[in-house]
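In the numbering used here, the protein residues as written are 1155 to 1524.
Take a look at the structure set out below.
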Amino acid sequence: PDLITVQELAQRMAMRSTDLIRELMKQGQMVQANATLDADTAQLIVEDLGHSVKRVSESDVEDGLIAEANPDAERVSRPPVVTIMGHVDHGKTSLLDALRQTNVVEGEAGGITQHIGAYQVKAPDGKLISFLDTPGHAAFTSMRARGANVTDIVIIVVAADDGVMPQTIESINHAKAAGVPMIIAINKIDKPNVDPNRVKTELLQYEVQVESMGGEVQDIEVSALKRMNLDGLLEAIQLQAELLELTADADRQPYGTVVEAQLDKGRGSVSTLLVQEGTLKRGDIVVVGAEWGKVRALIDDQGHQVKEAGPSKPIEILGLNGVPEPGDQFAVVEHEARAREVAEYRARKKREKANAATSGTSLEQMMAQL
Ligand code: GTP
Ligand code: MG
């Protein structure tokens, strides 16, 4: 059921909550500012106070938030978005770090890499690849469950000395279910007495036939630790990306997905976003999940302030009024009022859900019992 707090209701009628509480008391209702009212009760109160009611439905708020793609727009090619998955300790983080160092860290003071949720790397052909440093399965699954299929290619890391393990199989299943092509990176080939062919044979059991066994799935032997064949992996990604013909409309209304977000002591709400379509600019008004704000700064993966970020670009933004969740979608809107309306509506929905989960009974059920 739709719920609204006394405080919110007062705000909408441009009334102080204490005054509304007093009105409710006159009608024999003892409530506090944070008490929730169901839509029917709220409507009665509002009408009693001489206001007219406009009920807002989900479609009122959400429809048209992200405009339809323009079929005549020029679409430009965009970098692939890659997620690395695999079994525990098989070298996901090492591989991400190694790839990043290859191209990014050189300019960094003392080679200290600050943590960021996503970054871009240049492939040997000079084109960019975006990597998502997600905590693996959980984020991937939740993003997918929420319809935010941001990943174009999944790299499955398999340690040559350990072979196919439960989370390897899980990763393969995730990629298959999402319809995302995979590349097998057989890692730790620097270790003595390892046999990459064993891994390839094991993969056959899970219907993954790699190219070097005559199949279709690209396989690359690497060592994240010794930085062996990283270019080969980047080339494999580029090859796969070309087959996918990834494009975007850089001129349309921007939207994309939250990769991670946190509250920073000095800077406030900091969110790493992946732009999927359009170009996000400084000063844009964004709705991000149940939060909103004016983009105060855009910071790229090397810590530089930039004015805008186009398709497939991971970017940190400052200026939101709260902290969104990974997997939340963002959209740029025209006016602050629109942003506030959407964010408030979603925040209210979230609260309702949380209330229903903690109380165990919905207001509707409670009413039915009376
Ligand atoms: P989780 O995040 O815990 O699932 O692990 P991960 O997959 O991120 O693995 P991580 O990169 O932390 O590596 C696990 C261990 O394997 C570390 O001790 C690494 O140093 C080691 N390792 C990673 N890559 C290689 C490699 O290419 N060769 C060798 N010899 N060791 C490696
Ligand atoms: Mg790790």
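Think of the CB as a built atom: it goes at the ideal place given N, C-alpha and C, for glycine as much as any other residue.
It should be emphasised that the depicted structure is a prediction, and the values quoted were computed from it without experimental measurement.
Closest in alpha carbon position to Leu1203, among Pro1465, Lys1461, Ser1231 and Met1167, is Met1167.
Between the alpha carbons of Val1207 and Ala1193 lies a gap of roughly 10 Å. Selection around the ligand MG by beta-carbon proximity, strictly under 7 Å to any non-hydrogen atom, yields Lys1246 and Thr1247 in chain order. Contact annotation, Pro1234 with Leu1398: C-beta distance approximately 7 Å; criterion of less than 8 Å satisfied. Nearest neighbour of Ser1466 by Cα position, chosen from Ala1395, Val1424 and Ser1325, turns out to be Ala1395. Val1486 sits close to Val1440, with the two beta carbons spaced by under 8 Å.
Membership of Gly1386 in the alpha helix (DSSP H) is indicated by the continuous run Leu1384 to Leu1398. DSSP lists Ala1313 as the beta-bridge partner residues of Asn1341. Val1236: member of the beta strand (DSSP E) spanning Val1235 to Gly1240, first to last residue. Contact check for Asp1315 against Val1362 fails: the beta carbons are separated by 8 Å or more. Counting only residues of its own chain and dropping the five nearest sequence neighbours on each side, Arg1421 has a CB closer than 7 Å to the CB of Leu1472. For Asn1341, the CB falls within less than 7 Å of some heavy atom of the ligand GTP.
Counting C-beta atoms within 10 angstroms of its own C-beta, His1458 has fewer than 16 neighbours from the protein chains shown and is therefore classed as exposed. Within the stretch 1399-1477, the complete beta strand (DSSP E) segments at least 3 residues long are 1409-1418, 1422-1431, 1439-1442, 1445-1453 and 1468-1474, listed from N- to C-terminus. For the pair Ala1497 and Lys1380, the Cα-to-Cα distance works out to about 47 Å.
Look at Leu1286: its beta carbon is at least 7 Å from all of the heavy atoms in the ligand GTP. The closest CA to that of Gly1447, considering only Glu1431, Asp1214 and Val1477, is found on Val1477.
By the Cβ criterion, the stretch 1405-1419 is in contact with the stretch 1430-1437, since at least three pairs of Cβ atoms, one from each stretch, lie closer than 8 Å. For Gly1443 against Arg1494, the beta-carbon gap comes to about 14 Å, at or over 8 Å, which does not count as contact. Between Ala1277 and Ile1391, the beta carbon gap of about 7 Å places them in contact (Cβ cut-off 8 Å). Between the alpha carbons of Lys1180 and Leu1219 lies a gap of roughly 41 Å.
In this structure, the straight-line span from the alpha carbon of Ile1199 to that of Val1210 is close to 17 Å.
Remark: the shortest separation between the CB of Lys1345 and any heavy atom of the ligand GTP falls under 7 Å. If you check the CB distance, Ile1343 and Val1371 do not come in under 8 Å. With contacts defined by Cβ atoms closer than 8 Å, Val1353 and Ala1329 do not form a contacting pair. Taken through DSSP and simplified to helix, strand or coil, Ser1366 comes out as helix. When distances are taken from the beta-carbon of Asp1243 to the heavy atoms of the ligand GTP, the shortest one is below 7 Å. Secondary structure of Met1336 (DSSP, three-state): strand.
Thr1305 sits in coil when the DSSP states are folded into three classes, being neither helix nor strand.
The Cβ-Cβ distance between Ala1252 and Asp1455 does not fall below 8 Å.
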